Structures are given as structure tokens and as C-alpha cells.
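For the sequence shown, position 323 matches number 778 in my numbering, and the numbering has no gaps at all. From the three backbone atoms N, C-alpha and C, an ideal C-beta is built for every residue, glycine too. On a predicted model such as this, the values are computed, not experimentally measured, just so you know. Input: a single structure, listed below in C-alpha cells.
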Amino acid sequence: MNMIRVWGGGIYENEAFYREADERGILVWQDFIFGCVPYPSDVTFLANVREEAIYNIKRLRNHASLAFWCGNNEVEEGLRHWGWQKDYPAGVMEEWFKGYDTTFRELLPSLVKEHDGTRSYIHGSPYNSNWGNPEKFAASDVHDWGLWYGELPFEAMADRLPRFASEFGFQSFPEMKTIRTFATPDQWSLESEVMKVHQKASTGNSLIKKYMDMYYREPQDFEDFVYLGLVMQGNGMEESVEAMRRGRPYCMGALYWQINDSWPVVSWASIDYYDNWKAQHYRMRDVFAPLALGVELKGEVLNYYTMSDYLQDSNDLLLTLQVIDFTKGKRKEFSEKINAAANTSQIVKRFRLSDLVTEAEKSHTLIHAFLTDSKGKIISTKDHFFYWPNKLDLPMTEVKTKVNYADGKYTVTLTSKKLAKDVFIEIPIQGAQLSDNFIDLLPGEKRTIVITSPLLKAADKTPVTVKHIRETY
């Protein structure tokens, strides 16, 4: 990632956060800390706002990472679109609108100009659009909750690209080792009291299930449901983000909601409270890579994209495409030299489906593509399935594991004779870092995953377990 948004419902972060962003070259979109409700605008309150704003502008203005000031999160959105007019008299609403302008269109921009003077400011996010009015997506930033609250399918996001997506997302449960920290087995159900307490969306656990019924077969138990939800969040959000990145230069940004959790909870986060990466975070790492492959099915043609943030062209690359049967392995292979143009997304190769698969083969075939440099090093990979898992003929297969144990590091080797889709490696150590996870293990492929944590000891031989989609039904 090259940009992060500090949300108006959170805090002004500490110095360490901004220093890390400076050193790592990560831009910071900084909301002033106002979010989702109308605020007082009397003289006493605004005097407090003034002091708080001046303090933080002066504190943050010299950080190279600070890119942008935003007045608030969704305050005007709420005033205009959340139905408050039904609950409050017209006079109150009028005062709230006037107070909004005083705070966010007059006071804060004047303070930014006076005490910073080098950065842009907008009154709030989203600037103007509402997710229920996609005709407004053509300007400024968008919080697109058509996915999730609007119950649109993941694939619909490609048809409603914004100019800049500053908020969108999809929920999942955290993995079971996190759930075990707040729920005993008798509470492992969607509608248990504990699970409902740990769900803060206005619509939540039931909506995860509704989406799961669209894309996956019925899981056998709660633990399988949790695992499938993680996979669904990761793969669905990857599809949404990739569509935005392919849509460059029309769409020039994708900041998803959200990265982190403030407590162990069911949420939109890609990293849970204990620093365990969900499937989404691995997928975001891949789709946001400086140079990544993208794929788009248009009619009877597969379009392959290079999506580059590099400021120089990347030349003399090799695009390889393999047609892989879930059980029998590689059936066809194509390769072609390509160049990836700097700072853009572009189609570099088109394949007719008739040259790759028949209609009958789609349910048990995937297209595995990878991009390598002139030295043969893999830059990016992209697996394309023709359907979501509920329409795939996934084979029963055993994933064999071999673990090399060392203090602080376990090295796990995975093999399978047939496709094992979305292989999840579990280890009961909170915050353990895995080099990769939730992977598609191809027939006959050998994959090595490195797990690191200061809590790992060679002598303990902490158990490492694996699960894949076909084992859930």
C-alpha cells in the first residue's frame, strides 16, 4: 500500500505512526477527528475545536507522509441521507447544517491555511456522493457501500467504478484462535449472545451468511463457516480492488475499510486485534503490489493487465499462462514477452476462451498466470476461476505437510496431488507472521510457507494444521 487513511472516528495517531509512514513512503490521508454525527457549533465548543485543530496541525505538518487534510467522516452524508429529518425538527436540522458549514467549511480550512498552508483540504468524506446515487461517482471521493449494506454481489463493483474510493469493505469473523479468546464453544453460533455483542454493524452476521449462500456450499459447522467467511472476504475484496486498479486512470485510488481492529470482533478489518492477518490482507498485499497482474473476463475473451505504480517502464517480462485441470494438472501453456508501461494499467494480452477451455471444462479448470522478470524471478501471479466455489467441481484431496522446526521460525512445505483451493494454515500462536496463507495449491505443486514468531520454539513443535475448501462440505 502507498496510502492510508486515518479515520475521523478514531484518533490523531502518535508520533511513531507518522515516523513509520515517513520512512516507508506511505502517504497519510488525515481526517480531523469528527465522524458520523452532528456536532455542537456554539462558541465554547468551537473554541475547543480550534485549540485541538491548531495543536494537531502544528504537530503533524512537518511529516513528509502527511498528504491531505479532511474535515470529517460522513457528517454531511448523515445530515443529507440517514433520515435524521424524521426524528428531529426542521429548526434543529437547519442549525446542524449551519454548524456544519461553520466548522468544516470555515473554521478548519482557515486553520489549515494559516498553520500548514502547503496541503489540500476538503470539508468531509465523501465530498459529495452517496453510495445510493452512483451517478455522483464521477467526481471526488466515494464511500461505496453497495457492497455489504447494499447487498450487491462482488462482481457488481467493476460496473460502478468511482474516481477515488476512500471507503468500502466487507466483513468477516476473525479466525478461530481469536474467537476462542472471547467465546466458549457453547457460544459458537451466529446468533449467540456473545457473537451478537461482538457484531457492531446494523446488519452483520446474517448478511455474511446471505453472501456465503450466494458463493459457497453449506459449511458443515461453525468453524468451517468462519474459515469460509475469511476466504470470501479476501477473494471478494480482491476482485473489487483489482477492478478499481484496472480502471486507472479513471479510478485513481482504493482505500478499503478497514485495516485494523480496536478489539477482538467481527468486522471489516483485514488484520485482527491480535495482529493475525486475515485472508483479505494477503490478497491486498498481492493486488496492491507495485507491479501486479490483473485479469478481466469480457464476453469470450480473457484480458490480462499489467497494473504498475513504478515510474519507469518494466521491460523484457515474460507472461506465462497455464490451463490447469483440478485433478490432472497442466493441460496447456502459453508464454509471451511483454512490457509493463510505467504508472498505468493496460491490457498486455488477450486470450480467446475457445483456445483455452470448453464450456464443460470450466467447472474443473483454472487459468494460472504468472509474470517473471528477465532473470526468471516471479513478480506476480494470478489464478482465474470461471465460477465461485459453489459451482466448481473441487476434488477431494489430502494436503501433505512437512514442518522444519527452529526457534522463532517454522518452515512448512505443502504438497497435494490435486487442487486444494484456499489452503488455510493455522497455528495457535497469536500474531504469528506467515509468508503466505489462504493459497491455491496446484496439482503436484510444492509450496513453502515460513511462519515466524518469537513465541515459536523448536522443542515445542507447536501444531500446524491445514484446511481447504473441499473439506468444508
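Which first and last residues belong to the beta strand (DSSP E) in which residue i is found?
| i | result |
| --- | --- |
| phenylalanine 840 | 833-840 |
| methionine 762 | 756-763 |
| lysine 651 | No beta strand (DSSP E) holds lysine 651; the alpha helix (DSSP H) holding it covers 648-652. |
| histidine 736 | Histidine 736 -> not in any beta strand (DSSP E); alpha helix (DSSP H) instead, spanning 734-742. |
| phenylalanine 806 | 799-807 |
| glycine 684 | Where glycine 684 is concerned, there is no enclosing beta strand (DSSP E), although the alpha helix (DSSP H) it sits in stretches over 677-701. |
| arginine 786 | 784-795 |
| methionine 458 | 458-461 |
| leucine 821 | 820-827 |
| glutamine 485 | 482-486 |
| arginine 902 | 901-907 |
| lysine 864 | 864-870 |
| alanine 747 | 746-753 |
| tyrosine 576 | 575-577 |
| aspartate 877 | 875-881 |
| isoleucine 419 | Limits of the chain in this structure are 456 at one end and 928 at the other, which puts residue 419 out of reach. |
| lysine 817 | First-last for lysine 817: undefined, no H or E at that position. |
| lysine 922 | 920-922 |
Please report the Cβ distance between residue i and residue j, rounded to the nearest whole angstrom; I am assuming they are in contact, meaning their Cβ atoms lie under 8 Å.
| i | j | result |
| --- | --- | --- |
| phenylalanine 625 | tryptophan 732 | Actually they are not in contact, since the Cβ atoms of phenylalanine 625 and tryptophan 732 sit about 16 Å apart, beyond 8 Å. |
| asparagine 527 | phenylalanine 487 | 6 Å |
| leucine 521 | arginine 460 | With a Cβ gap of about 12 Å, leucine 521 and arginine 460 do not count as contacting. |
| isoleucine 793 | lysine 804 | 7 Å |
| threonine 633 | aspartate 727 | 5 Å |
| glycine 708 | phenylalanine 619 | 4 Å |
| methionine 650 | serine 657 | Not quite, the Cβ-Cβ distance comes to about 16 Å (not below 8 Å), so this is no contact. |
| tyrosine 467 | asparagine 511 | 5 Å |
| leucine 534 | phenylalanine 552 | 6 Å |
| leucine 897 | histidine 823 | 6 Å |
| lysine 916 | tyrosine 860 | 6 Å |
| glycine 689 | phenylalanine 609 | Between phenylalanine 609 and glycine 689 the Cβ distance is about 11 Å, and since that is not below 8 Å, they are no contact. |
| glutamate 529 | histidine 598 | 7 Å |
| threonine 907 | alanine 887 | 7 Å |
| alanine 795 | leucine 772 | 6 Å |
What are the boundary residues of the alpha helix (DSSP H) that residue i is part of?
| i | result |
| --- | --- |
| aspartate 768 | Element bounds for aspartate 768: n/a, residue is neither H nor E. |
| aspartate 668 | 660-670 |
| histidine 570 | 563-570 |
| methionine 851 | Here methionine 851 belongs to no alpha helix (DSSP H), and DSSP marks it neither H nor E. |
| tryptophan 551 | 545-555 |
| arginine 474 | 470-479 |
Of all the options the options, which has the alpha carbon lying nearest to the alpha carbon of residue i?
| i | options | result |
| --- | --- | --- |
| lysine 846 | Asp838, Tyr671 and Tyr682 | Tyr671 |
| serine 818 | Leu849, Asp810 and Leu811 | Leu849 |
| glutamate 697 | Phe680, Asn715 and Tyr759 | Tyr759 |
| leucine 757 | Ser809, Glu673, Asp716 and Glu622 | Ser809 |
| glutamine 801 | Leu776, Lys832 and Arg703 | Arg703 |
| aspartate 828 | Thr775, Arg902, Ala861 and Gly708 | Thr775 |
| lysine 564 | Ala593, Phe523, Gly533 and Leu645 | Before going further, note that residue 564 is proline rather than lysine in the sequence given. Minimum Cα distance to proline 564 is reached at Phe523. |
| leucine 889 | Leu910, Ser871, Tyr865 and Lys872 | Tyr865 |
| threonine 852 | Val492, Thr870 and Gln654 | Thr870 |
| tyrosine 765 | Glu755, Ala747 and Glu532 | Ala747 |
| aspartate 741 | Leu826, Tyr705 and Ala638 | Leu826 |
| isoleucine 880 | Asn660, Lys872 and Ile894 | Ile894 |
| asparagine 715 | Met699, Arg700, Ser695 and His736 | His736 |
| asparagine 469 | Arg514, Phe623 and Val498 | Arg514 |
Alpha carbon to alpha carbon, how far is residue j from residue i? Give it in angstroms, no decimals.
| i | j | result |
| --- | --- | --- |
| threonine 868 | tyrosine 555 | 57 Å |
| valine 878 | leucine 566 | 51 Å |
| tyrosine 711 | tryptophan 462 | 11 Å |
| glutamate 693 | arginine 925 | 21 Å |
| phenylalanine 789 | serine 595 | 41 Å |
| alanine 797 | asparagine 770 | 10 Å |
| glutamine 675 | glycine 684 | 13 Å |
| tryptophan 905 | tyrosine 494 | According to the sequence shown, residue 905 is valine rather than tryptophan. Near 49 Å, if we compare the C-alpha coordinates of tyrosine 494 and valine 905. |
| valine 750 | lysine 922 | 27 Å |
| isoleucine 970 | methionine 687 | Here the chain has residues from 456 to 928 only, and residue 970 is not among them. |
| phenylalanine 680 | lysine 753 | 32 Å |
| methionine 458 | tyrosine 582 | 18 Å |
| histidine 570 | tryptophan 484 | 17 Å |
| glycine 587 | proline 883 | 42 Å |
| alanine 519 | aspartate 477 | 6 Å |
| threonine 636 | methionine 699 | 36 Å |
| aspartate 730 | proline 918 | 19 Å |
| leucine 874 | valine 778 | 13 Å |
| alanine 502 | serine 496 | 9 Å |
| leucine 417 | valine 858 | The displayed coordinates of the chain run from 456 to 928. Any statement about residue 417 would go beyond what the structure contains. |
| cysteine 525 | glycine 490 | 11 Å |
Does chain D have any CB closer than 8 Å to the CB of residue i?
| i | result |
| --- | --- |
| isoleucine 906 | This model lacks chain D altogether; it includes just one protein chain. |
State yes or no: is the C-beta of residue i nearer than 7 Å to some heavy atom of the ligand GTP?
| i | result |
| --- | --- |
| alanine 795 | In the structure shown, the ligand GTP is absent, as is every other ligand, since no ligand is present at all. |
Problem set entry | Start-end ranges of the beta strand (DSSP E) lying completely within the segment 582-648, minimum 3 residues | 596-598 and 619-622
For this session: Write down every uninterrupted run of the alpha helix (DSSP H) in the segment 499-536 whose length is 4 residues or greater and which is fully enclosed by it, in chain order.
Result: 530-536
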